[in-house]
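Protein chains in written order, with this note's numbering: chain A, 1 to 332; chain B, 333 to 664; chain C, 665 to 996; chain D, 997 to 1328; chain E, 1329 to 1660.
Glycine residues also receive a C-beta, built at the ideal position from the N, C-alpha and C atoms.
Keep in mind the model is a prediction, meaning the values are calculated, not measured.
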């Protein structure tokens, strides 16, 4: 994959230029933009800062916006300018093992163009690209605001997929917790909880951004397209509800884990108690007749030994039946 | 049951056509609709996609809506079009063992018709059908928006019934927890908690949809009928409150479970401690006089043995009375 | 008590007719209503359905409303009709042991009349009746909306009393938990928690109903009386806050219970550990000199026995002082 | 302190009359009020009901308001009348040990007068009195609404002080929990939690009352003074946040308490386990050679005894080093 | 560092005067203010109260505002006056070890001047100073409201940094909890929780203040600058979300801690139980043959000893294999 791509499309014409950043930036000529087309420039990294800054200046972006593109992002941002809209959000990093690994995405939406800047090479938008190429849906007949919708939709879809991965993990844990009680399961539960916390932190700002877009009164956002952003916001709401529901299920599973831990402790203690309670008194008895007193008449009795053994059997049986009656010998 | 049903009714006339999907779809002629009637077409599965798509096209549904009917549903949806309303929600699957098993329902509400698409064969609407047939209530004198109200009402009723099933299960657990403390009870508690989590996920989107209907300003929704949707929304609110109350009761029951677990551990340990604390010191004493030293004057005393036995009885009785005094021998 | 009562009052005149349902229903003649009076008909059960339906029809109630009076109530309801208002709520059943036992109350508020239907015989409104009879407060100079306010006030007062009963129970538990730690206390705590859950379920719908009354724009509700309903709503808010505060106190008490349980376990284990740790090593020592080896020089020493006893005393005292130093012998 | 005080002040003149209730009530003549002054009558108890009722009637208060002054207060109240405002709230009782002990305060705010009724003698307002006497701040140049602000401010300050007392108690507990783990600490934690619950119940209604004052459109409340009430409401908000933060810290401390309890249990069990695991096997060995079989060749070996002792030392050392390696002998 | 600094800047000119409080206060002449400049006076302590009060009086500040500057701050404050705005907030104290150590900051924003009062010497604003000096960003071309934005931004950045410190601490704990289970980790967890509670208490009032600035309609706040304050408010929201997410992660970690504690207890008990259950019965057996009865035929058998040893080996091996089968000998 190259580091930058230019998609130029209208209803009649579609072109992808997959070139290096420098090339695309210097070739792009804002004055020569054909307003029948939408130009989408997607940059896969920010290494060639010089070329990118040049491009931004050609498009008359504000100095503050340009600076933001290259700085780490603390909070998602929506900024309106007269000639463009500027957004920044965090999103899941492609192929990342955990939701804690995110990357910054910056969008510049202008009249006939849309720039998107990724921190790292990654295929967030392959579905959108395919739609453009195959002309699926409405994307070829719409303006840059619709393209923005499609790109955000693609990002939310990625989060959906990640949420479902968590859901699958939870099912695995659930199966595990029913069959055995390994200690790593709790760690797994807590890991998934943290994934959900991270996902929540990703989704909330996107939802706020979408609310901002819905309420925005800017010529670049066609009012008749606002319901797309509303739909995306509903998706975010439903994602947040899913995340919360998953968190509750994990809570439930850790309860089961703790109870099973307590259960095992009970069983261990019962074994110890039953064994000790039977043999400690018996050991005392045999100890008595192990004493070396000169005058211990029982020792002289011919059936002394047998009597003691009998007594011990009776005591042992009595205690055992007591424990059986209290149900300590069957697992529950 | 056939795979599709057409109900045609007005104040004077009522007809049910219980036919295969293909037949109904090809017979239905939008231009020939008699506006004195409401036509309700209920499809029990989506297998004959071709016929259904044909029908939708005849009714001039948007391409996106048609596509949505056949795709899995991520979030509930309300979409307004000039000539129809389009809804999609999840609902409980008929005869399903758990609230986690849901199915997608799609509704298309037009001027004199209502289409409903179920993913699976199931009797969600037998009560509505009966009302139409027997002309109970207002349904025969009303338009498609009232029919929609009735259908949603039927779905909410199903959730009510499921919620009451959970409530009954909770009563069973409650009875169980008071009589004995089997470990499966906690599992049962957590199972019911998850049922409630799933029910909450079902109800919330329906409530949102109803709020959308209330605020909607569309010719197909008669303003004088809006209070029906408001009533349904109130039902959803009350259902959510029930779900939360049930969840708290389950919380309460798991507290009892844990406390009982701790209680049993205490009892087990008390048995062990009482037995050990009495017999271990006594065993030590008899051990002393089991030593083989040549010069142990006590061993020679004529009453040595009896003295030791007496001392041991006194020690045992003393310890026993100490434990009785501390209340360790009665269960609490 | 009879099954129905008719109160007819104005500023000059007050009459109670305490008769059977049938009698009152057939006697009541809507056309003959004297609009200087308010007629309040209170029915203590719904057994004579025929008479009651007749009365409702005479008052031109909607078919749906009439049906609702006789059906179980799932959710509280406010319905506006041009000639009357219709409410249904759940309330505490008179003399019920637990807040889970509720009954349905239905109200029909018309221009000069108010019907109230109780599911069971019970004295919810004796205070209101007394006010009318003794002409206390404003009730005799006001219309049916003020009577409604008084009736709802009486119901909320019943819930206040119930809440205070819970509060008293909590004080009892509190006293109990400080003096001893019986296992039934936790059960008692959980019982009271469930009472509070049930009370919350009762109060919330009444509060919603009162909000509905406040916002209602109906000729039967005099705007200058709306602050009465607002006051009642504030009472409900404060009741809900009380319920939540009580719930938190119960949470606090169960924490104390669990901690005490853990405390006792610690104490039990300390006894076991101290006894075992002192006597098990000593028993080992006496065991050594109980061995029957032919060549064990210590056994021959004249002071062997006394030396061993001395060593054991030293070991025992050492261990004991160690445990005392670690504070295991004093209760904390 | 006398039972009632009359403060009469304007910018030029200030007078305090510290007399008995009867005297003040009969002397006060509404028609003779000098509107250049504000008359503040503060009653320290409600015993002389007759005189107080007389005063209220002279001031043309509503019958319902008068009745409320003498009845226990269930919920805080704001009532607007054309000629006066009537408030009732709960506040901390002076010098009370716990926030659960509250008293009712009633305020009547008129054009040039303000009545305040305390249930019990107590110095809630000594700061306000001082301000009037010393003419600090704006109080002497303002009307009765500003006086009301000052009185409410004084009450909120009392709650601030109480909240800080709780905060200090929490610091003490914190110090205690770090140095030792006495069981009374948990009780102390729970006591402070309940203080916070009670404080929350006090603050919330005052906040609601202040919101009511802010939104009120009454000639007695000068709009330019509303920001005073807004400031007080912000104080209440911040108090509620403090209360919640304190509650979370207490939660944190009880977690530490429980963990320490578990920690001690672990340590107790480790001592028991180490001692038992070393000496029980050894005791078995010496038991073996204490058996009285006729043919036990080891007993005849000249070095049998020394061999066994050596073996036991090796076993003991092995077990000990195993436990040391597993870290059971150092405290953590 | 001196105790006060005067920054005077416009687009053309920038001057810092780093002088003692007295000097600056007496030199500053409000009438001589050049409105092309913004004068920012930053005071690093409040010790020279007299001079500061003099300055405030020269600037015609309200008596109440002046008093507030020198009093401890209970709640953050925004006050509008015709000629200036007055703010007070708590912020992190510079170089403080814990978020619980805060200091009060007061701001007076006038037409061409801004006063800031710190309780203690500390470098909250070095970044802003640098921007002014190096003329970075817009600060030199803007009025006092923009300077206020920059100062608040600097404070919020400090809180961001503190929050990230907590985040780093959490990562350390996390690493610690995975490798070993020292008891101080829980204390560390609870310490960080309290940091977060304190941070929340800092952030919430600043967020409220910013909301107040956004809604304020005052000539000193340029409407076109309001989006700066909105951006800061969004930062606060995102900070609060971070704080909550961190708190949940700490919750998760304490769960792991408790589970590990329980796990260790289980392991300790298993060791005790396995050792006791094997050796206590065996000790009983050897005790039997240590009895001194005259008639014990087994003792006379030539192979008695070997038989008993064999039996004991069998019993021991049986019990051991039983425990191995139940999985008690492998750690989990």
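Quick check on residue 1418 of chain E: buried or exposed, where buried means 16 or more other Cβ atoms within 10 Å of its Cβ? Position 90 of the fifth chain, counted from the first residue, corresponds to residue 1418 of chain E. Residue 1418 of chain E should be labelled buried.
Evaluate residue 329 of chain A with the Cβ neighbour count: other Cβ atoms within 10 Å of its Cβ, from every protein chain shown; 16 or more gives buried, anything less gives exposed. The count along the first chain starts at 1 and reaches residue 329 of chain A at position 329. Residue 329 of chain A should be labelled exposed.
Under 8 Å: do the stretch 633-647 of chain B and the stretch 970-989 of chain C share three or more Cβ pairs, one atom per stretch? Counting Cβ pairs under 8 Å, fewer than three are found: no touch.
Give me whichever residues DSSP pairs with residue 1689 of chain E in a beta bridge. In the structure as shown, chain E begins at 1329 and stops at 1660. Residue 1689 of chain E is therefore absent and cannot be evaluated.
Using 8 Å as the threshold, is the stretch 1139-1148 of chain D in touch with the stretch 1205-1222 of chain D, meaning 3 or more CB pairs across them? By the Cβ test, the stretch 1139-1148 of chain D is in contact with the stretch 1205-1222 of chain D, since at least three Cβ pairs between them sit closer than 8 Å.
Closer than 7 Å at the beta carbon, the chain C residues around residue 566 of chain B: As a working note, residue 566 of chain B is residue 234 in the second chain. Within 7 Å Cβ-Cβ: 739.
Stretch-stretch touch, CB-based, cutoff 8 Å, three pairs: the stretch 815-830 of chain C with the stretch 900-920 of chain C: yes
Using three-state DSSP, classify residue 1631 of chain E as helix, strand or coil. Locating residue 1631 of chain E in the fifth chain gives position 303, counting from the first residue. Correct three-state label for residue 1631 of chain E: coil.
Taking the DSSP output, what are the residues bridged to residue 1036 of chain D? As a position in the fourth chain, residue 1036 of chain D is number 40, starting the count at 1. As DSSP reads the structure, residue 1036 of chain D sits in a beta bridge with D:1003, D:1110.
Going along the chain, which residues of its own chain have a beta-carbon closer than 6 Å to the beta-carbon of residue 862 of chain C, five neighbours each way excluded? Within the third chain, numbered from 1, the residue matching residue 862 of chain C stands at position 198. 763, 764.
Just to confirm before moving on: does the CB-CB distance between residue 1103 of chain D and residue 1083 of chain D stay below 8 Å? On the fourth chain, residue 1103 of chain D is found 107 positions in, with the first residue counted as 1. On the fourth chain, residue 1083 of chain D is found 87 positions in, with the first residue counted as 1. Cβ distance < 8 Å, so residue 1103 of chain D and residue 1083 of chain D count as in contact.
Helix, strand or coil at residue 105 of chain A [DSSP, three-state]: Locating residue 105 of chain A in the first chain gives position 105, counting from the first residue. Note: residue 105 of chain A maps to strand in three-state DSSP.
Could you work out which residue in C:838, C:769, C:730 is closest to residue 740 of chain C when comparing CA atoms only? On the third chain, position 76 is the one that residue 740 of chain C refers to. The residue from C:838, C:769, C:730 with its alpha-carbon nearest to that of residue 740 of chain C is C:769.
Interface residues of chain D around residue 1521 of chain E at Cβ under 7 Å? The residue given as residue 1521 of chain E occupies position 193 in the fifth chain. Result: 1248.
Check distances from the C-beta atoms of the stretch 904-937 of chain C to those of chain B and list, in chain order, the residues that come in under 8 Å. 918, 921, 922, 925, 926, 928, 929, 932, 933, 935, 936
Beta-bridge partners of residue 1344 of chain E, as assigned by DSSP: As a working mapping, residue 1344 of chain E is identified with position 16 in the fifth chain. The partner list for residue 1344 of chain E (beta bridge, DSSP) reads E:1335.
Residue 1592 of chain E in three-state terms, based on DSSP: Counted from its first residue, the fifth chain places residue 1592 of chain E at position 264. Here residue 1592 of chain E sits in helix by DSSP.
Alpha helix (DSSP H) segment containing residue 1208 of chain D, residue limits: Counting from 1 along the fourth chain, the entry for residue 1208 of chain D is found at position 212. Residues 1180-1211.
For the alpha helix (DSSP H) that residue 1395 of chain E lies in, which residues bound it at each end? Position 67 of the fifth chain, counted from the first residue, corresponds to residue 1395 of chain E. Element bounds for residue 1395 of chain E: 1391-1398.
Which residues mark the beginning and the end of the alpha helix (DSSP H) in which residue 691 of chain C is found? To locate residue 691 of chain C, count along the third chain from 1; it is residue 27. Element bounds for residue 691 of chain C: 685-691.
What would DSSP say about residue 121 of chain A, mapped onto helix, strand or coil? On the first chain, residue 121 of chain A is found 121 positions in, with the first residue counted as 1. Correct three-state label for residue 121 of chain A: coil.
Judging by CA-CA distance, which residue of E:1568, E:1354, E:1367 is the nearest neighbour of residue 1377 of chain E? For this step, residue 1377 of chain E is matched to residue 49 along the fifth chain. Taking only the C-alpha atoms, the option nearest residue 1377 of chain E is E:1354.
Go ahead and pull the three-state DSSP assignment for residue 475 of chain B. By one-based count along the second chain, residue 475 of chain B stands at place 143. Of the three classes helix, strand and coil, the one that applies to residue 475 of chain B here is coil, per DSSP.
So with Cβ pairs under 8 Å, would you call residue 187 of chain A a contact of chain E? Numbered from 1 along the first chain, position 187 holds the residue referred to as residue 187 of chain A. So, interface residue.
At a CB-CB cut-off below 7 Å, which residues of chain F make contact with residue 1286 of chain D? Absence of chain F from the displayed structure is noted, the protein chains being A, B, C, D and E.
Residue 701 of chain C and residue 805 of chain C closer than 8 Å at C-beta: Against the third chain, residue 701 of chain C aligns to sequence position 37. Against the third chain, residue 805 of chain C aligns to sequence position 141. No, the pair does not count as a contact, with Cβ atoms beyond the cut-off.
Reference residue 1349 of chain E; option with closest CA among E:1343, E:1334, E:1359: Looking up residue 1349 of chain E in the fifth chain gives position 21. The candidate whose alpha carbon is nearest that of residue 1349 of chain E is E:1334.
Could one say the Cβ of residue 944 of chain C lies closer than 8 Å to chain D's Cβ atoms, at least one of them? Translated into positions along the third chain, residue 944 of chain C becomes position 280. For residue 944 of chain C, the answer is yes, since a Cβ of chain D falls inside 8 Å of its Cβ.
Mind checking if residue 974 of chain C is an interface residue toward chain B, Cβ cutoff 8 Å exclusive? Here residue 974 of chain C corresponds to residue number 310 of the third chain, with the count starting at 1. It does not; no Cβ of chain B falls within 8 Å.
Going by beta carbon distance, what residues of the same chain come within less than 8 Å of residue 1277 of chain D, once the five residues before and after it are set aside? Stepping through the fourth chain from its first residue, residue 1277 of chain D is reached at position 281. Within the same chain, residue 1277 of chain D has close Cβ partners 1311, 1315.
Residue range of the alpha helix (DSSP H) that includes residue 554 of chain B: As a working note, residue 554 of chain B is residue 222 in the second chain. Per DSSP, residue 554 of chain B belongs to no alpha helix (DSSP H) and is neither H nor E.
From which residue to which residue does the alpha helix (DSSP H) around residue 1462 of chain E run? Within the fifth chain, the letter at position 134 stands for residue 1462 of chain E. DSSP places residue 1462 of chain E inside the alpha helix (DSSP H), whose first and last residues are 1454-1462.
So with Cβ pairs under 8 Å, would you call residue 1635 of chain E a contact of chain A? Position 307 of the fifth chain, counted from the start, is the residue given in the question as residue 1635 of chain E. It does not; no Cβ of chain A falls within 8 Å.
Sort D:1036, D:1159, D:1252 by Cα distance to residue 1514 of chain E and report the nearest one. Here the question's residue 1514 of chain E lines up with position 186 in the fifth chain. Among D:1036, D:1159, D:1252, the Cα nearest to that of residue 1514 of chain E is on D:1252.
Where does residue 1253 of chain D fall in DSSP's three states? Position 257 of the fourth chain, counting from 1, holds the residue named residue 1253 of chain D. Looking at residue 1253 of chain D - three-state DSSP - the assignment turns out to be helix.
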